[in-house]
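Numbering (the numbering used here), first residue to last: 4 to 302.
Written out as structure tokens, the structure reads:
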């Protein structure tokens, strides 16, 4: 039990994954009280919804720090420090969607197939610096690795953009990208919109095969205890904040999201569960908005 361990051992600093923090936030304030002694609560391993960050700031400790890193480049690569969290909670909520700025000695470029892109443009994060490993052991000929080492730089497989101020925002992973009707869609943007709805605990967005669109965008979500959230709320929020082609064509409420041994959402398993759910519950399918764009015509 994390709360009792912090109290018993007088813990001042700790690092948790967002899934665990979400579980802590489900507790009442009296139970959470021992955690308020923390001088630093760091989180890493997966994105954390902005609403959860704000709750943790107010109910646990304002001394929040986010790390972003990879095993192939000794973490962290970026840090969103406590001062940035304070600015995000009090003045600039958008900042809480970022992973912060590169650490000393780390260079991060955002590139597409043609090279570096400008601020606000989406591309793959490419990392250089003394922390980057030289490569994988016995990797010759393997094509199942999610990252590439080229010329001393690590192509992370993570996709995002930089702000004019130098903050880095992740939009997803190349392998998670959904191609629907000829449009490229990254799940994280949609997941953030859904997770911001009061009562939603977590969300996952995947693509399932569709004979018309290539892939159909499907959203799964869980709710906090006793919360009342409807599929219609999810749909309305997405249509209000997202482009038509990014809106889920089906929404499914789940009792829990499948996770890996590291506590990260298991997208492959989630896709299988959601696809099976749609087969059994055809009523969950959301008809397209008549004004929505049709799939792109092949060139």
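Positions of the beta carbon are idealized from the N, C-alpha and C atoms, including for glycine.
All values reported here derive from a predicted model rather than from experimental measurement.
Only residues of its own chain outside the window of five on either side were considered, and among them 78, 79, 80 have a CB closer than 6 Å to the CB of residue 72, listed in chain order.
For residue 277, the enclosing alpha helix (DSSP H) covers residues 270-283. In the structure shown, residue 223 falls within a strand segment according to DSSP collapsed to helix, strand and coil.
Between residue 235 and residue 30, the alpha-carbon positions lie close to 27 Å from each other. Each residue's CA atom was taken as its position, placing residue 170 and residue 283 some 43 Å apart. Rounded to whole angstroms, the Cβ separation of residue 134 and residue 155 is 12 Å, and the two are not in contact under 8 Å. Taken through DSSP and simplified to helix, strand or coil, residue 171 comes out as strand. Our two residues, residue 168 and residue 49, have alpha carbons roughly 23 Å apart in a direct line. In the displayed model, residue 218 falls within a strand according to three-state DSSP. Of 276, 37, 254, the smallest CA-CA separation from residue 262 is found for 276.
In this structure, residue 60 places its C-beta atom within 7 Å of the C-beta atom of residue 92.
Leaving aside the five residues that flank residue 62 on each side, the residues in its chain whose CB is nearer than 8 Å to its CB run, in chain order, 28, 32, 35. Apart from the 5 residues on each side of it in sequence, residue 251 sits with its Cβ closer than 8 Å to the Cβ of 193, 208, 220, 221, 222, 237, 238, 241, 289 in its chain, given in chain order. Shortest Cα-Cα distance from residue 254 to any of 151, 266, 273 involves 273. Residue 176 holds the alpha-carbon nearest to the alpha-carbon of residue 150 among 166, 176, 46. Straight through space, the alpha carbons of residue 187 and residue 90 are spaced by roughly 32 Å.
The three-state secondary structure of residue 6, taken from DSSP, is helix. For residue 71, there is no enclosing alpha helix (DSSP H); the enclosing beta strand (DSSP E) covers residues 67-73. Residue 128 is bridged by DSSP to 113.
Taking a 10 Å sphere around the C-beta of residue 101, we find 16 or more other C-beta atoms and assign the residue as buried.
Annotation note: the segment 10-35 contains the following uninterrupted beta strand (DSSP E) runs of length 3 or greater, listed N- to C-terminal: 16-19.
One Cα belongs to residue 141, the other to residue 246, and the distance between them is close to 44 Å.
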